[in-house]
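A short write-up of the structure that comes next.
Residue numbers (the working numbering): 1129 to 1254.
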């Protein structure tokens, strides 16, 4: 988990540093002692930018609208990054697997433990 230090913590960092710590250490020790705050602000700002985003991906498809192949997490992350909002492949959530047909879809992005964004994905034929 990412936290922002509110005071100097020995062997971890100085005031204002954003550091990665184990979830238990952050939730059970640093945050209750008010030595750190969860780094939600940056994830919330990213969510605000991503929620209004519509991404179009062109893929080869047959006459019936079925894709030759599929559009997966890597393709979606690359398209969103190309649109100006950097997203990692592991942040894209496709619970039903990759898309195999043309159409419009809602795609969930897991930005932080408590922050999820949704983008609109349009898959069109090349």
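Heads up, the beta-carbon is just placed ideally off N, CA and C, and yes, glycines get one too.
Rounded C-beta distance between residue i and residue j? I'm assuming under 8 Å.
i, j, result
"residue 1182", "residue 1250", "7 Å"
"residue 1199", "residue 1227", "5 Å"
"residue 1132", "residue 1186", "Incorrect: roughly 40 Å between the Cβ atoms, too far for contact."
"residue 1178", "residue 1245", "4 Å"
"residue 1195", "residue 1162", "Going by Cβ atoms, the distance from residue 1195 to residue 1162 rounds to 51 Å, so no, they are not a contact pair."
Can you give me the Cβ contacts of residue i inside the same chain, cut-off strictly under 8 Å, excluding the 5 residues immediately before and after it?
i, result
"residue 1168", "1240, 1242 and 1243"
"residue 1216", "1205"
Considering only C-alpha positions, which residue in the set the options is nearest to residue i?
i, options, result
"residue 1255", "1158, 1187 and 1230", "The shown model of the chain, from 1129 to 1254, leaves out residue 1255, and the question about it has no answer."
"residue 1229", "1211, 1146 and 1253", "1253"
Given that a residue counts as buried once 16 or more other Cβ atoms are within 10 Å of its Cβ, and exposed if not, what is residue i?
i, result
"residue 1173", "exposed"
"residue 1143", "exposed"
"residue 1193", "exposed"
"residue 1190", "exposed"
"residue 1225", "exposed"
Just to confirm my understanding: we take residue i, look at its own chain, exclude 5 residues before and 5 after, and list those with CB closer than 7 Å. What are they?
i, result
"residue 1220", "1201, 1204, 1205, 1235 and 1237"
"residue 1184", "1250 and 1252"
Taking 7 Å as the cut-off, is the C-beta of residue i nearer than that to any heavy atom in the ligand MN?
i, result
"residue 1139", "No copy of the ligand MN appears in this structure; indeed no ligand is present at all."
**Message:** Just to confirm the assignment: which complete beta strand (DSSP E) runs, minimum length 3, are found wholly within the region 1157-1193?
**Reply:** 1164-1166 and 1182-1187
**Asked** Where are the alpha helix (DSSP H) runs, 4 residues long or more, that stay fully inside the region 1188-1235, in chain order?
**Response** 1201-1210
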